[in-house]
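Just below is one structure, and these are the notes that go with it.
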Amino acid sequence: MRIKIEGLRLKYGGFTAIHDLDLEIGDGESVVLLGKSGCGKTSTMRCIAGLEEPTAGRITIGDTVVFDARAGINVPPNKRNVGMVFQSYAVWPHMTVFENVAYSLRLRKVPKAEMRQRVMEVLELVGLESFADRGASLLSGGQMQRVALARSLVMRPSVLLLDEPLSNLDARLRDRLRVELREIQLRLGLTTVYVTHDQMEAFALADRIALMQDGRIVQVDKPDALYNLPASAAVAHFLGVGNVLDVTDLGAGAWSLNGTGLSITSTAVAPPAGHGKIKACVRSEDVRLSVEKPAGPNVYPATVLVSGFQGASTRYAVSIDGKLQLDVLSSTRGGPRFAAGEQVWASIDPACVQLLPETVDPVGSQPAADPVAPRERVYS
Amino acid sequence: MTTVRLMWTRARRELPGSVLAVVLVFLVVLPVAFIVVAALSTEVPRPGNARIGTFTFDNFRILATSSGARSLVNSAVIGAGAALVSLVVGASLAFIAARTDAPWRRFIFIVGMAPMFLPSIVGSLAWSLLASPNTGYINIALRDLGLPITFDIYSYGGLIFVLGLYYAPYTFMLTYSSFSMVNSDLEEVAAVHGAGLGHLLRTVTLPLAVPALAGAAILSFTLAMENFPVNAILGNPANIDTLPTYIYRLMASSPVQANAAAGIAVALTATVIVATYAQQRVVNRKRFTTLTGKGNRPRPVPLRWGRWLATGFAMLYFLVSVVLPILALVATSTSGSVYISRIADVFSRGFTLERFSAAVSQADFRTSMVNSILVAVLAAVIGTAIAFSSSYVRYRTTSRLGQLLEQVSMSPLAIPQVVLGIGILWAWLTLPFPVYGTIAILVIATVAVTMPQAYRSVSASMLQLDADLESSAVILGARRFRAIRNITVPLMRTGIVSTLLLLLMLGMREMSAVLFLYTSDTRVLSILVFHSFENGSITFSAAISLVFVAIIAVIAIATQLVGIRERRFTDARV
Chain A
1 MRIKIEGLRL KYGGFTAIHD LDLEIGDGES VVLLGKSGCG KTSTMRCIAG LEEPTAGRIT
61 IGDTVVFDAR AGINVPPNKR NVGMVFQSYA VWPHMTVFEN VAYSLRLRKV PKAEMRQRVM
121 EVLELVGLES FADRGASLLS GGQMQRVALA RSLVMRPSVL LLDEPLSNLD ARLRDRLRVE
181 LREIQLRLGL TTVYVTHDQM EAFALADRIA LMQDGRIVQV DKPDALYNLP ASAAVAHFLG
241 VGNVLDVTDL GAGAWSLNGT GLSITSTAVA PPAGHGKIKA CVRSEDVRLS VEKPAGPNVY
301 PATVLVSGFQ GASTRYAVSI DGKLQLDVLS STRGGPRFAA GEQVWASIDP ACVQLLPETV
361 DPVGSQPAAD PVAPRERVYS
Chain B
1001 MTTVRLMWTR ARRELPGSVL AVVLVFLVVL PVAFIVVAAL STEVPRPGNA RIGTFTFDNF
1061 RILATSSGAR SLVNSAVIGA GAALVSLVVG ASLAFIAART DAPWRRFIFI VGMAPMFLPS
1121 IVGSLAWSLL ASPNTGYINI ALRDLGLPIT FDIYSYGGLI FVLGLYYAPY TFMLTYSSFS
1181 MVNSDLEEVA AVHGAGLGHL LRTVTLPLAV PALAGAAILS FTLAMENFPV NAILGNPANI
1241 DTLPTYIYRL MASSPVQANA AAGIAVALTA TVIVATYAQQ RVVNRKRFTT LTGKGNRPRP
1301 VPLRWGRWLA TGFAMLYFLV SVVLPILALV ATSTSGSVYI SRIADVFSRG FTLERFSAAV
1361 SQADFRTSMV NSILVAVLAA VIGTAIAFSS SYVRYRTTSR LGQLLEQVSM SPLAIPQVVL
1421 GIGILWAWLT LPFPVYGTIA ILVIATVAVT MPQAYRSVSA SMLQLDADLE SSAVILGARR
1481 FRAIRNITVP LMRTGIVSTL LLLLMLGMRE MSAVLFLYTS DTRVLSILVF HSFENGSITF
1541 SAAISLVFVA IIAVIAIATQ LVGIRERRFT DARV
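Order-wise, the sequence lines are chains A and B.
Each residue of the first sequence is one higher than the one before, starting from 1 at the first, in my numbering.
Each residue of the second sequence is one higher than the one before, starting from 1001 at the first, in my numbering.
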């Protein structure tokens, strides 16, 4: 079902965890709240579930207003029909897998036979059908995760909330469950809100990503749009852009790198004025190192400071005249590897230099008309 | 309309906290208020007496009278002495058990805690059997041996010795963890930098334990100062008045000098509050330092030839605090000979259970036993329920009353039990509930004085439980009460059961708080022991003391077993 969040604010004493947040999530859409710990993403989710009571704002699920501070409406969590998977799984160790999953059906007094059938159905969906009678405290982390998911799915929730559900698992299992989660979400056509600090997870699971910083949504976009066109340098930095540089406009596409005496050329259009300082953002993989001096703009003589072999790639820290340090990631295959102390040339394609404001104002978001093809990026 | 609705939601959120606050007001706040009012007034609240009297400071004058001042000084001296004994004995045992290579360390650990199971009324009774100047077994034995030494337990030294002996376990428990949790990294760093072991203990280990040591000393001081039974049993024969016994005398005199008693009670409470505040500050600092410890076992200190000396010291403590007192009780209640002038007389006529069974078949004993068990069970159940609810409001809801509930629940720590008992007497006599003269008022008093232990125990267990476990049940559609019943209570069951057992043990031992609350029909075991000792029926009091100790030991062992199960349970979950 559709979720509409308007003017949501949450305060703990003097600390504001969420600042006037607006977000709309379409029916069947998967939106990921992405951000560092403490950015308010989990609090936002707990407000949707009803576990936190917001200070102000309105939350609507489907056609039901579940929270409205002004009208004094606060539907308790047990009446919201929301499914939630916790970071700690919160699987009850004193019950079997079956009892865990059947809990919500038992509360709704579903007849025994139907209960058994529905529980076994979802257990099959998550691949745990043979574990039904196992005590829940004897499961592995991945299995507990599946129990938690099955327990939320069996009640056929209007909305499924997932709070960092994969963060306690090891890397390989995480990859597999990520794919499974997305598959289940698409198959059931579930409206989901997913909270994570891991951008890979966000990219893999989201129809749209809402990026949060300091209790505000700073950008809402499709994963590829977010990756290619970050709204600000802060977003770019969060998404792992290795080089965020202070620049000043010299005109005609040339920018001076502040404090270094160097300059950089970009084909990008400078953002409109009034957005604070402008930063040039260059991904680590877009900086090329070579022995021969290449032709073209943005070529700098550099000294390799650190060379770290990472398997498929090598990560370098290079210094340009001792004035500027760049983070470089180059493919190990088919290229030379440089050792610390070597003199090289560093070059950057002007098309790879993005010019971004330092920060942007928070955005409000409209729901995607078609969840699989959400509308283009919104500036506000 | 909307504002009404808002107020309604807010009121509903504060409802459980408000109900608990009212309960705690009746248990703790109101009784204390009655004491304070009585201390500042010419009247004592009584049923049918609505007069508050006139305001006066005269009640504190009693502190300036010679008997008042003497009991104040006596209490301070005895408290300080007992604190010193408790500190030296308890900390030494803790150090030996935690950090040395002395043999039988596991047993020394048990020795350090064992005297907890002896109520101080029983300990002091047993020591008066052992070391009263004329008829004490130890003095008889010394005379047998022709040694010209006599121990007199009815003296300052005796009081300090017995109080120190029975509060040493508190020091032991507080310091044991800080000795064994000392971050061995810190010590290893010092060792790497060339510090010798002796130097290391002086410069690293001891300073780290100082907060725990200071906290333990202050705690022993307060406990010894407010203790009634030891001060009464060993102090009265020597006319050594202390604050608790002086209060008791004022309350038992006729006419009752209640306002004066209240004045002394306020003075005693003030002292205890200051000491408790100091103790909390010191112990809080300690928590700060031990949190860095990872609990990996530090290197044991080699004692060489002193190893056996250390173990010998522990055995001596065990002998003096547990073995000799129990033997004295056994000898007194089962020896065939009644008059003993030489140790051999104890054995000369063999042993008989006759007097023992005569004692335990007395109606007095059976009534008291039933009363004790009834009071302890009811107080444990009610106390656990209140403590659970308060911790829940404090840690699982957004109610603004949570912190207040916590503070009030913990406040009886700073109120001497005798004082709280008098306050409850006055408060509940005045309230229009006919509880005086019934078991109910004993239960109320026991719940009130054990509330801090109950709250601490339950909330520790609740804090260990992830709140999301219950939240997920609510999200799945369970009402809050249902979720608590289905999820939180079952998952906390070991914590709840051990709290129940702890309260059961404390309730069985309770004496000071119920001192003014019982009637002839509602006497409990501890009071019966005290009375029969006062009346000179020594055999009888020794016999029921033995039964008393046996009951408490059973509860204590059950508590330990639950503790072991809990550890296994959490291990299985990890």
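Ideal Cβ placement from N, Cα and C applies to all residues, glycine included.
From a predicted model like this one, the values you see are computed outputs, not experimental measurements.
Within chain A, His94 have C-beta atoms less than 8 Å from the C-beta of B/Pro1490, given in sequence order. Using a Cβ-Cβ cut-off of 7 Å, B/Val1025 does not count as an interface residue toward chain A, since no Cβ of chain A sits closer than that to its own. Contact between the stretch 148-167 of chain A and the stretch 1461-1480 of chain B is present: 3 or more CB-CB pairs across the two stretches fall below 8 Å. Taking A/Tyr300 as the centre and dropping the five residues before and after it, the same chain places the C-beta of Ile320, Ala346 closer than 6 Å to its C-beta, in chain order.
With its beta carbon less than 7 Å from one in chain B, A/Tyr103 belongs to the interface.
Under the 10 Å beta carbon count, B/Gly1495 is surrounded by 16 or more other beta carbons and is classified as buried.
One Cα belongs to A/Tyr103, the other to B/Thr1384, and the distance between them is close to 28 Å.
Contact check for B/Pro1103 against B/Leu1420 fails: the beta carbons are separated by 7 Å or more. Non-local beta-carbon contacts of A/Lys293 in its own chain, meaning distances under 7 Å to residues more than five positions away in sequence, involve Val299, Trp345 in chain order. Per DSSP, reduced to three states, the secondary structure at A/Pro271 is coil, with no helix or strand assignment. Here B/Tyr1317 carries a helix assignment [DSSP, helix/strand/coil].
Contact of A/Ser88 with chain B is assigned, a C-beta pair being separated by under 7 Å. Taking the CA atoms as reference points, B/Val1044 sits about 9 Å from B/Gln1257. Per DSSP, B/Tyr1392 is one residue of the alpha helix (DSSP H) stretching across 1363-1396. The beta carbons of A/Val195 and A/Met45 sit closer together than 7 Å. Taking 7 Å as the cut-off, the beta carbon of A/Leu190 is found closer than this to the beta carbon of A/Leu160. For B/Thr1135, there are no neighbours in chain A by C-beta distance under 8 Å, as the nearest C-beta there is about 58 Å away. Annotation for A/Pro357: the continuous beta strand (DSSP E) segment containing it runs 354-357. Closer than 7 Å to the CB of B/Val1474 there is at least one CB belonging to chain A. Within the same chain, Cβ atoms closer than 6 Å to the Cβ of B/Ala1168 are found at Ser1086, Val1089, Gly1090, the five residues on either side in sequence being excluded.
DSSP places B/Ala1448 within a helical segment (H, G or I) once states are collapsed to three. Take B/Ser1128, set aside five residues on each side of it, and the residues of its chain with a beta-carbon closer than 7 Å to its own are Ile1153, Ile1233, Leu1234, in chain order. Listed in chain order, the beta strand (DSSP E) runs fully inside the stretch 127-167 of chain A are 159-163, counting runs of at least 3 residues. The C-beta separation of B/Val1338 from B/Leu1165 comes to about 28 Å, leaving the pair out of contact by the 8 Å criterion. Partner residues in the beta bridge of A/Trp345, as assigned by DSSP, are A/Ser290, A/Pro301.
Taking the CA atoms as reference points, A/Met115 sits about 10 Å from A/Glu121. Below the 7 Å Cβ cutoff, chain A contributes Asn78 as neighbours of B/Arg1479, in chain order. Our two residues, B/Phe1172 and B/Ala1380, have alpha carbons roughly 26 Å apart in a direct line.
B/Arg1070 and B/Ser1512 have their C-alpha atoms roughly 21 Å apart. B/Ser1471 reaches chain A at Arg46, Ala49, Leu51, Pro77, Met84, Phe86, Ala90, counting residues in chain order whose Cβ is nearer than 9 Å. Collapsing the DSSP output to three states places B/Ile1551 in a helix. Assignment of B/Ile1439 by DSSP, reduced to helix, strand and coil, places it in the helix class.
Out of B/Leu1504, B/Phe1179, B/Leu1093, B/Ala1082, the CA that lies nearest to the CA of B/Phe1221 is found in B/Ala1082.
For A/Arg80, the number of other beta carbons within 10 angstroms of its own is at least 16, and it is reported as buried. Closer than 9 Å at the C-beta level to chain B, one finds no residue of the stretch 221-252 of chain A. In the DSSP assignment, A/Met200 falls within the unbroken alpha helix (DSSP H) covering 199-205.
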